[in-house]
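Residue numbers (numbering that gives the first Met the number 0), protein chains in the order written: chain A, 0 to 65; chain B, 0 to 133.
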Amino acid sequence: MKNKLKVLRAERDMTQADLADALEVSRQTVNAIEKGKFDPSLPLAFKLAQLFELPIEKIFLPSEVE
Amino acid sequence: MKKEERSDQIKKVTKNLAFWTLLWVFSLALATFGPKFLWNENTVLSTLAILLNTSFGAGMIWANIKHLKILDELQKKIHLEAMGIALGVGIVGGLSYSAMYIANIIPTAEIGILVMIISVSYMIALTIGKKRYA
């Protein structure tokens, strides 16, 4: 699953470490999500949506849109 | 939970796991070599050493559960996948090893070899998992 995490993070001038702290996960996890290597759980996706003040579908793109 | 709190908690549970693992390993050495070298096959002391080792083993399992709980979802996934692979390798490898002993292909079968195979496969799977998501 693709996502716009890297762009959203850059827009807010956040490092991967900053985002990891805000989400209470490791920097490796943020990196894996950004690269599309790991799909986050629904609670973590909601946490991201809340943090970026965007609906989940604006952050994560369904497979058919990839 | 803030960054420092989280990393402090991870350090704390990791140290706790290392502590219980060391206790278990030393008590296992005591239970294994004690009867021959320390208390001349005394059954009561041997039983006590085994009970102590089992108790420390339970502590190690509890510490491992606490360690898994503090990890984030990707770290948990990597560890659980590595554990699954280690379990599979342990069962398949262990039964093959046992079959070799029954078929007289090898003279002896030591449980230590199986533990070593499980540990090595766990470490390899953990390293591959970490690299895969890096």
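By construction, the Cβ of each residue, glycine as well, lies at the ideal position given by its N, Cα and C atoms.
| Asked | Found |
| --- | --- |
| For a contact meaning CB atoms closer than 9 Å, what does Leu4(A) contact in chain B? | None at all; the shortest Cβ gap to chain B is about 14 Å. |
| Looking at the C-beta of Leu18(A), does it have a partner C-beta in chain B at a distance below 8 Å? | no |
| Can you give the Cα-Cα distance for Leu18(A) and Gly89(B), rounded to whole angstroms? | 39 Å |
| Restricting to Cα atoms, I'd like to know which of Trp38(B), Leu51(B), Asn63(B) and Gly93(B) is closest to Gly111(B). | Gly93(B) |
| To the nearest angstrom, how far is the alpha carbon of Pro78(A) from that of Asn52(B)? | As shown, chain A starts at 0 and ends at 65. That puts residue 78(A) outside it, with no answer to give. |
| Starting from the beta carbon of Gln27(A), find every residue of chain B whose beta carbon is closer than 7 Å, and list them in chain order. | Leu73, Tyr132 and Ala133 |
| How many angstroms separate the CA atom of Leu70(B) from the CA atom of Val43(B)? | 41 Å |
| Phe36(B) by DSSP, collapsed to three states: which one? | helix |
| Rounded to whole angstroms, what is the Cα-Cα separation between Glu65(A) and Met0(A)? | Here Glu65(A) scores only 49 on pLDDT, less than 50, and its place in the model should not be relied on; the value that follows carries that caveat. Computed Cα separation, rounded: 7 Å. |
| Could you give the first and the last residue of the continuous alpha helix (DSSP H) run that contains Val24(A)? | Counting along the chain, Val24(A) falls outside any alpha helix (DSSP H), and DSSP gives it neither H nor E. |
| Beta-carbon separation of Ala124(B) and Ile60(B) under 8 Å? | no |
| Would you give the residue range spanned by the alpha helix (DSSP H) that Phe55(B) belongs to? | Thr42 to Ile69 |
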